[in-house]
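Structure, as structure tokens:
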Amino acid sequence: MSGMERCRVMLEAARIIREQREEIATMETINNGKSIFEARVDIDISWQCLEYYAGLAGSLAGEHIQLPGGSFGYTRREPLGVCVGIGAWNYPFQIACWKSGPALACGNAMVYKPSPFTPISVVRLAEIFTEAGVPKGLFNVVQGGAATGQLLCQHPDVAKISFTGSVPTGMKIMEMAAKGIKPVTLELGGKSPLIIFSDADLENAVKGALMANFLTQGEVCCNGTRVFVERKILDTFTKEVVKRTQKIKIGDPLLEDTRMGALINRPHLNRVQGFIKQAKEQGAEVLCGGDLYVPDDPKLKNGYYMRPCVLGNCKDDMTCVKEEIFGPVMAILPFDTEEEVLERANATKFGLAGGVFTRDIQKAHRVVAALKAGMCFINNYNVSPVELPFGGYKSSGFGRENGRAAIEYYSQLKTVCVEMGDVESAF
Ligand SMILES: NC(=O)c1ccc[n+]([C@@H]2O[C@H](COP(=O)([O-])OP(=O)(O)OC[C@H]3O[C@@H](n4cnc5c(N)ncnc54)[C@H](O)[C@@H]3O)[C@@H](O)[C@H]2O)c1
Ligand SMILES: NCCCC=O
878 MSGMERCRVM LEAARIIREQ REEIATMETI NNGKSIFEAR VDIDISWQCL
928 EYYAGLAGSL AGEHIQLPGG SFGYTRREPL GVCVGIGAWN YPFQIACWKS
978 GPALACGNAM VYKPSPFTPI SVVRLAEIFT EAGVPKGLFN VVQGGAATGQ
1028 LLCQHPDVAK ISFTGSVPTG MKIMEMAAKG IKPVTLELGG KSPLIIFSDA
1078 DLENAVKGAL MANFLTQGEV CCNGTRVFVE RKILDTFTKE VVKRTQKIKI
1128 GDPLLEDTRM GALINRPHLN RVQGFIKQAK EQGAEVLCGG DLYVPDDPKL
1178 KNGYYMRPCV LGNCKDDMTC VKEEIFGPVM AILPFDTEEE VLERANATKF
1228 GLAGGVFTRD IQKAHRVVAA LKAGMCFINN YNVSPVELPF GGYKSSGFGR
1278 ENGRAAIEYY SQLKTVCVEM GDVESAF
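Position in the sequence shown counted from 1, then plus 877, gives you this note's numbering.
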């Protein structure tokens, strides 16, 4: 298909998703456990992603380059071939759109493997692509776990792998990709810093800290889980954050007023609680939450619910401050100077995201310029405009999703050199 034809099909897929927003959001809530309120936002970001790449599909182009003597060259932006997408369980539908959007826009095929914990909604995406006119076999879903993922990565017909998941799995994916000389995009974990200066708008900073920690039960790769607060406002800020965290409505994720649903599964819930136990043993203070939550509704009593947790008295060398917990656990850390906080914020193997709240515009830009992270926020956190590239530094991965940047990762350049004169042979 031409770029314009791909554009039309992708716009139709985006339209169907928009039309079926409620049904898909409900499916995603059942799939993952996140609140319906949030699932709707995920679905909106998903159709916006397809619309955005539909727009780019028709304008993909190479360059014309003039050479001496009337000769010239040109480049063609060509697809890679069959791309494999492997997704995590926290944003099942959205991750599949973030990968398939640029992949299909560039003229590739995709075989997508969702996490076995959230197998359902991406099947609906495949059906929607078919309804929209994507040719049979161009977007395929293969269900399975690690073994299936390995087979896909090692398959000789696969030209590219785009992976979203944990750092240990990312390393294995990269090893497999290296054996086949396949390009790879790695969207991995994080332990991102959020820096609150004393001149920040306190109301926005508190809201930002909650957004940075408690969406999708805290199971968000770019969460700002290390909240550095300038000592002057530590008490006021902490008190307000704790008060609002305690008010978060937990429970049946399909209810309209629920803002925190269930974690993904029992082992993960136990793991998150293990981090909190260890934090206490290492001297952190639980300022609120961290315990199991049992909803009144008897049919939910075995659900994987916990109260969102705020940890005080944290130190940089504690496990809860160093490791990705991937649950609703915020660590608050006081700081005194800009120089000190930057050094501490960057002292991590991860580099996915970072944020700063301040009214001082020069300070804001200076701080984000110094943060070693791929996605930085000034005076907000965890918003996901599809126009902006998203991806990590350091162990959080490489390659970018969203924005124009993703086109680079789903296409390759062919250079054509055209001679307009005679061949000047060396022989
Ligand atoms: N940077 C991002 O954009 C982003 C987004 C979402 C989640 N994440 C990260 O994902 C992690 C949580 O997700 P998870 O628990 O599903 O991660 P995971 O690494 O356990 O699994 C991710 C996917 O990889 C598959 N997989 C597992 N082992 C494999 C192997 N050896 N070969 C091929 N595929 C394999 C899984 O079946 C799943 O589909 C967190 O670390 C989180 O930060 C990152
Ligand atoms: N808003 C989506 C963020 C993806 C990371 O988990």
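The beta carbon of each residue, even a glycine, is placed where N, CA and C say it ideally should be.
For Gly1085, there is no enclosing beta strand (DSSP E); the residue is part of the alpha helix (DSSP H) that begins and ends at Leu1079 to Phe1091.
Using a Cβ distance threshold of 8 Å, Ser1273 and Gly1067 count as a contacting pair.
In the structure shown, Thr1235 falls within a coil segment according to DSSP collapsed to helix, strand and coil. The C-beta of Lys1126 has fewer than 16 other C-beta atoms within 10 Å across all chains shown, which makes the residue exposed. Residue environment for Arg883: buried (at least 16 other C-beta atoms within 10 angstroms of its C-beta). Per the C-alpha coordinates, the member of Pro1172, Leu1131 and Tyr1181 positioned closest to Pro1144 is Tyr1181. A straight-line Cα-Cα distance of about 24 Å links Phe1304 and Gly950.
For the options Ala1055, Val999, Val1083 and Val961, the alpha carbon positioned closest to that of Thr1025 is the one of Val961.
Judged by DSSP secondary structure, Glu1285 falls within the alpha helix (DSSP H) whose first and last residues are Ala1282 to Tyr1286.
Sixteen is the threshold: when 16 or more other Cβ atoms of the shown chains lie within 10 Å of the Cβ of Cys1191, as they do, the residue is buried. Linking Leu1092 to Thr1235 through their CA atoms gives a straight-line distance of about 22 Å. When the alpha-carbon of Ala931 is set against those of Leu1164, Thr995 and Ala891, the nearest one is in Ala891. Secondary-structure assignment with DSSP links Gly1128 through no beta bridge to anything. Judged by their CB atoms, Ser992 and Pro969 are nearer to each other than the 8 Å cut-off.
In the DSSP annotation of this structure, the continuous segment of the alpha helix (DSSP H) that includes Leu933 starts and ends at Ile913 to Ala934.
At a cut-off of 7 Å, the beta-carbon of Tyr968 counts as near ligand 2: some heavy atom of the ligand is closer than that.
Contact between the segment 1095-1111 and the segment 1068-1075 is present, with at least three C-beta pairs closer than 8 Å. Within the chosen limit of 7 Å, ligand 1 reaches the beta carbon of Phe1203 through at least one heavy atom. Uninterrupted alpha helix (DSSP H) stretches at least 4 residues long and entirely within the segment 974-1012 occur at 998-1009, given in chain order. Straight through space, the alpha carbons of Ile972 and Val1097 are spaced by roughly 12 Å. A buried status is given to Gly1101, since no fewer than 16 other beta-carbon atoms sit within 10 Å of its beta-carbon. For Met1051, the secondary structure class from DSSP, reduced to helix, strand or coil, is helix. For the set Val1233, Phe1267 and Arg1277, the Cα lying nearest the Cα of Tyr1258 is the one of Val1233.
Looking at the backbone, the Cα of Ser998 and that of Thr1115 are separated by about 38 Å. Not one heavy atom of ligand 1 is found less than 7 Å from the C-beta of Gly1232. Nearest to Val1206 by alpha-carbon distance, out of Ala1086, His1242, Met887 and Glu899, is Ala1086.
A Cβ-Cβ contact shorter than 8 Å links Thr906 with Gly1138. The residue among Glu899, Ala938 and Leu957 with its C-alpha nearest the C-alpha of Met881 is Ala938. The Cβ atoms of Asp1129 and Asp1174 lie closer than 8 Å to each other. Val1149 has its Cβ no nearer than 7 Å to any heavy atom of ligand 2.
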